[in-house]
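Novice:
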Amino acid sequence: MYFSYNFDRLRRRCHGERMSFALRPLLFAIDAERAHGLTIDMLAAWDAMGTPLAANVPSLPVTVAGLTFPNPLGLAAGADKDGRAIAGFFGLGFGAVEIGTLTPLPQSGNPKPRLFRLAEDRAVINRMGFNNGGLAAALPRARAAKRTGVLGINVGANKKATDRIADYEAGVAAAAPVADYVTINISSPNTPGLRDLQHGPALTDLLARSATARGTTPLFLKVAPDQEPAQIDEIARAAIDAGIDALIIGNTTISRPALRSSHADEQGGLSGAPLASLAAQRLRDFRTATGGQLPLVAAGGIDSGAEAYARIRAGASLVQLYTGLVYGGPGLPARILRELAALLAGDGFASIGEAIGGG
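Mapping of the sequence shown onto our numbering: residues 119 to 477, in sequence order.
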């Protein structure tokens, strides 16, 4: 390993915000994917010690799909693909942790390099390609992990699958007994043809078969932000008709707003601060298209309590982040929750539920 961490010393000396300053220069000095792996190792070590990193996190419960989340802030899929640091991420203060994307068979993903920091833009471009160790390897870890919040398992199809809908069906069936909710991810731009499942008969078939496979476990659908109005209406109607419990809006974007980084032309999905405007607009679009009939989960460019609050006021019942952690560090979730609690109180709301969709 490039760095040798004294985890107990870090635990004593680096808590929350201070840990961000201690580790960021080290992690940013090396390749982005390697740094991410080291971060997972570190959180897994804290996981093993059972030591929470977040301090003074307010309780902001919200109920979605029959599940009570201790707060509306979730870790988006992609951060802990294989479920190696579930308790460690809960220890940062997240009310939900979503692992994956997991596929039926292990796969190595796309060739490296495939993960790029755009520090000048507080963004990331990735073309990972569902790299993961497979459902069979991850599910025992998920089953054994200590949960202080809600655990989601995000499933996808193998790149070489001859029947991708069958892969989703199998993934949902395998994950449902372990997860508090299961997410069908058809929004990644890094598996050729995957986003085709967001439309037409393929979408209807996918949702019907997955809804049967999930049993009684809540089923979420994650869609891309790169949608036209007619596509948004189609997805909304199909999700409602199939009994989907929530929509996650959305994933990374293949669009490119003005960027300053030298990595701006890399192929893949863009996430982070430049995605905020598009993601917020798509949230509003899906709120209109669903008529408030489905809970919405906002993702994309959320890196502050103010941004999380704005998405909740725009109709999100829950919010998720990932890239924000790259730049905000491990103290970010607790900071967002404290800011969110203050904003709710300032507007006279006694709960998250009172604030949803009122903006």
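For every residue, glycine included, the Cβ atom is placed at its ideal position computed from N, Cα and C.
Keep in mind the model is a prediction, meaning the values are calculated, not measured.
1. So, for residue 182: in the same chain, excluding its five sequence neighbours on each side, which residues have a beta-carbon less than 7 Å away from its beta-carbon?
2. Count Cβ pairs between the stretch 218–226 and the stretch 462–473 that sit closer than 8 Å; are there 3 or more?
3. At a cut-off of 7 Å, is residue 262 close to the ligand ADP when judged by its beta-carbon and the heavy atoms of the ligand?
4. Can you tell me where the alpha helix (DSSP H) with residue 399 in it begins and where it stops?
5. In the structure shown, what three-state DSSP assignment does residue 177 receive?
6. Identify every run of the alpha helix (DSSP H) within the stretch 436–477, keeping only runs that are complete inside it and at least 4 residues long; order them along the chain.
7. What's the C-alpha gap between residue 475 and residue 431?
8. Would DSSP call residue 349 helix, strand or coil?
9. I need the straight-line Cα distance from residue 293 to residue 440, nearest angstrom please.
10. Under three-state DSSP, which class holds residue 385?
11. Would you tell me roughly how many angstroms separate the C-alpha atoms of residue 246 and residue 147, rounded to the nearest one?
12. With a CB to CB cut of under 7 Å and the five nearest residues on each side skipped, what residues in its chain are close to residue 388?
13. Looking at the strands, I want to know which residues DSSP matches up with residue 244.
14. Would you mind sorting residue 139 into buried or exposed? The rule is 16 or more other CB atoms within 10 Å of its CB.
15. Could you check whether residue 153 and residue 145 sit closer than 8 Å to each other, using their CB atoms as the reference points?
16. Let me confirm a value: residue 334 is counted as buried when at least 16 other C-beta atoms fall within 10 Å, else exposed. Which label applies?
Specialist: Inspection of the coordinates gives the following:
1. 364, 413, 435 and 436
2. no
3. With respect to the ligand ADP, the structure shown offers nothing to examine, as it has no ligands at all.
4. 394–408
5. coil
6. 441–446, 450–464 and 470–473
7. 5 Å
8. helix
9. 22 Å
10. coil
11. 20 Å
12. 241, 243, 370, 371 and 374
13. 233 and 387
14. A caution first: residue 139 carries a pLDDT of 48, below 50, which makes its placement in the model too unreliable to give a value.
15. yes
16. exposed
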